[in-house]
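Presented below is the structure to which this report refers.
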Amino acid sequence: MGSVPDDDVAECPVMPGSTTVKAHAEAAGLVRDHEGVRYWLCCSSCGPRFDADPARYARAS
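Numbering that gives the first Met the number 0 applies: residue 0 is where the sequence shown begins, and numbers increase by one.
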């Protein structure tokens, strides 16, 4: 993702292969916490999918 350090980038658990800058995801409300772990989502479409089955997407990441 250009000049963004690798540890500031996360892969979306709902859409593997899609990455997001953590700060951008947090500013947009595209984060979810599940069992003490934070997940960053790539787009607003992923929020409802993650919310419907967080355990499924947590296992995939």
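Every residue, glycine too, gets a C-beta built ideally from N, C-alpha and C. Quantities reported herein were computed from a predicted structural model and do not represent experimental measurements.
query: Status (buried if at least 16 other CB within 10 Å, exposed otherwise) for residue 12; result: buried
query: For residue 8 and residue 59, the rounded distance between their alpha carbons; result: 17 angstroms
query: Residue 26 burial status per 10 Å Cβ neighbour count (16 or more: buried); result: exposed
query: Cα-Cα separation between residue 24 and residue 2, rounded to whole angstroms; result: 17 angstroms
query: Separation of residue 14 from residue 45, as counted between CA atoms; result: 8 angstroms
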